[in-house]
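J.: Residue numbers (my numbering): 7 to 372. We put the CB at the ideal spot given by N, CA and C, even for glycine.
(1) Would DSSP call residue 355 helix, strand or coil?
(2) Does the segment 143-155 come within contact of the segment 340-352, defined as at least 3 CB pairs closer than 8 Å?
(3) Report the rounded CA-to-CA distance for residue 279 versus residue 321, giving the unit in angstroms.
(4) So what's residue 237 in DSSP terms, helix, strand or just coil?
(5) Drop a sphere of 10 angstroms on the beta-carbon of residue 334, count the other beta-carbons inside from all chains shown, and report buried for 16 or more, exposed for fewer.
(6) Just to confirm the assignment, what range does the alpha helix (DSSP H) spanning residue 104 have?
(7) Please state the DSSP three-state secondary structure of residue 114.
(8) Are the CB atoms of residue 162 and residue 61 within a distance shorter than 7 Å?
(9) Can you check whether the CB of residue 97 is closer than 7 Å to the CB of residue 134?
(10) Would you check if the segment 305-320 and the segment 107-122 touch, i.e. whether three or more CB-CB distances between them fall below 8 Å?
(11) Can you check which of these residues, 131, 26, 303, 271, is closest to residue 101 by C-alpha distance?
(12) Nearest CA to the CA of residue 167: which residue from 99, 353, 87, 127?
(13) When the Cα atoms are used, what is the spatial distance from residue 250 to residue 170?
(14) Measuring alpha carbon to alpha carbon, tell me which residue in 281, 288, 268, 188 is nearest residue 324.
(15) Rounding to the nearest angstrom, what Cα-Cα distance links residue 190 and residue 46 in this structure?
(16) Which residues in the same chain have their Cβ closer than 6 Å to the Cβ of residue 275, if we skip the five residues on either side of it in sequence?
(17) At the level of alpha carbons, what is the spacing between residue 136 and residue 172?
(18) When DSSP labels each residue in this structure, what does residue 321 get in the three-state scheme?
(19) Mapping DSSP to helix, strand and coil, what is residue 341?
(20) At what residues does the beta strand (DSSP E) containing residue 196 begin and finish?
(21) Taking DSSP as the reference, what is the three-state secondary structure of residue 284?
(22) Based on DSSP bridge pairs, tell me the residues matched to residue 181.
(23) Restricting to Cα atoms, I'd like to know which of 307, 338, 340 is closest to residue 329.
(24) By alpha-carbon positions, which one of 55, 175, 49 ends up nearest to residue 265?
(25) Any idea if residue 91 is buried or exposed, counting beta-carbon neighbours within 10 angstroms, 16 or more meaning buried?
(26) Is residue 311 helix, strand or coil when you go by DSSP?
(27) State the start and end residues of the unbroken alpha helix (DSSP H) segment that holds residue 213.
(28) In terms of residue numbering, what span does the beta strand (DSSP E) encompassing residue 333 cover?
(29) Out of curiosity, what's the CA-to-CA distance linking residue 209 and residue 203?
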């Protein structure tokens with residue numbers, strides 16, 4: 007083999023080694039490029055999510071604040087409302103300026119002490135009307151008069167503290183029985199126990215065995231909490247209770263250790279304590295059992311006999327003995343009269359709803 011041939015062979019071998027190394031380098035960079043590409047897509051997705059969060063924060067910043075809590079120059083009397091008279095004057099409400107109105111000129115009068123039932127199909131404006139009473143939504147036009155006072159001219163605290171409500175989804179707070187019934191500490195133990203008895207909650211509270219303010223003491227769980235949180239609670243329990251066991255609050259967050267019906271009765275107890283002249287039931291019986299419904303209706307008829315009670319009905323039988331029925335259709339007053347007269351009127355919306363309810367009930371019982 008000549009020298010030239012040897013050099014040619016060596017060059018070919020070096021070239022093959024270089025090609026193999028190049029291929030390995032390309033594969034290595036290709037794999038890392040794939041990882042980088044995946045990370046890039048993930049970062050873009052995270053960026054999109056964060057941008058949505060920023061947009062949402064901007065939306066919250068643009069939300070108009072509620073009205074003033076207290077207007078000193080126009081505060082109602084201490085015993086307002088005395089009669090419980092409510093008048094709706096050409097009430098028009100829309101949730102935004104660029105959307106259609108939900109209520110279209112509602113006009114009617116609720117006499118003091120009357121029991122008013124509000125009915126209508128889904129989307130007819132029942133909940134919006136109740137929200138307007140508490141100024142959760144402000145009217146575009148018209149006004150609401152309670153005992154000769156325009157509620158739009160007084161502070162929110164003065165309005166909402168004088169009205170009672172039992173909502174469809176009642177909320178209880180983390181704390182004691184007393185805190186949930188009387189958070190401002192305005193009433194005595196005797197008054198609170200008396201209200202618990204009227205609401206048929208006395209036995210349930212006594213079963214807890216710890217009164218209105220006490221905390222129930224049970225051994226702490228063996229897992230599920232950090233060491234630091236254990237140490238913090240141990241110090242608290244030792245100082246307050248002389249024990250290192252965990253206190254379990256009688257009412258947990260959202261009241262989940264009480265049934266839905268019992269939570270409704272707690273809201274009724276709040277209204278009883280405050281002796282509200284106007285009580286609103288926003289489909290309060292929609293998600294409770296019949297036994298609790300009977301207790302609720304009996305207590306309302308007894309304790310709020312001379313008060314104005316406005317009931318948004320889910321169960322038609324709960325409003326059959328009302329003094330007046332307000333039927334809404336598409337945000338307008340379809341009819342407003344005594345239930346007996348509406349049942350006798352051909353084509354009455356209330357009559358149709360009663361028939362549908364009875365038909366649904368009979369089919370369910372089959």
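T.: Reading from the atomic positions:
(1) In this structure, residue 355 counts as helix in the three-state DSSP scheme.
(2) Short answer: they don't touch.
(3) In a straight line, the C-alpha of residue 279 is about 26 Å away from that of residue 321.
(4) Residue placement at residue 237 cannot be trusted, given a pLDDT of 40 that sits under 50; what the coordinates show is reported in the next sentence. Taken through DSSP and simplified to helix, strand or coil, residue 237 comes out as helix.
(5) Under this definition residue 334 is a buried residue.
(6) For residue 104, there is no enclosing alpha helix (DSSP H), as DSSP gives it neither H nor E.
(7) Here residue 114 sits in strand by DSSP.
(8) Not in contact: residue 61 and residue 162 (Cβ atoms no closer than 7 Å).
(9) No, Cβ-Cβ distance for residue 134 and residue 97 is not below 7 Å.
(10) Output reads yes: the segment 305-320 touches the segment 107-122.
(11) Measuring from the Cα of residue 101, the nearest candidate turns out to be 131.
(12) Ranking 99, 353, 87, 127 by CA distance to the CA of residue 167 puts 87 first.
(13) Low local confidence applies: a pLDDT of 44 at residue 250 is under 50, so the model's placement there is unreliable, and no value is given.
(14) Closest option to residue 324, Cα to Cα, is 288.
(15) Their Cα atoms are separated by approximately 55 Å.
(16) Apart from sequence neighbours up to five positions away, the residues of its chain that approach residue 275 with a beta-carbon distance below 6 Å are 187, 201, 205, ordered along the chain.
(17) C-alpha of residue 136 to C-alpha of residue 172: approximately 11 Å in a straight line.
(18) Coil, per DSSP.
(19) It is a strand residue.
(20) Per DSSP, residue 196 belongs to no beta strand (DSSP E); it is in the alpha helix (DSSP H), 195-204.
(21) Looking at residue 284 - three-state DSSP - the assignment turns out to be strand.
(22) Per DSSP, the beta bridge partners of residue 181 are 257.
(23) Selected option, being the one with the closest Cα: 307.
(24) Of 55, 175, 49, the residue nearest in Cα terms is 175.
(25) It is buried - the Cβ of residue 91 has at least 16 other Cβ atoms within 10 Å.
(26) When secondary structure is reduced to three states using DSSP, residue 311 falls in the coil class, being assigned neither helix nor strand.
(27) Segment 208-214, the alpha helix (DSSP H) holding residue 213.
(28) Residue 333 -> beta strand (DSSP E) spans 330-335.
(29) Going by C-alpha positions, residue 209 is about 8 Å away from residue 203.
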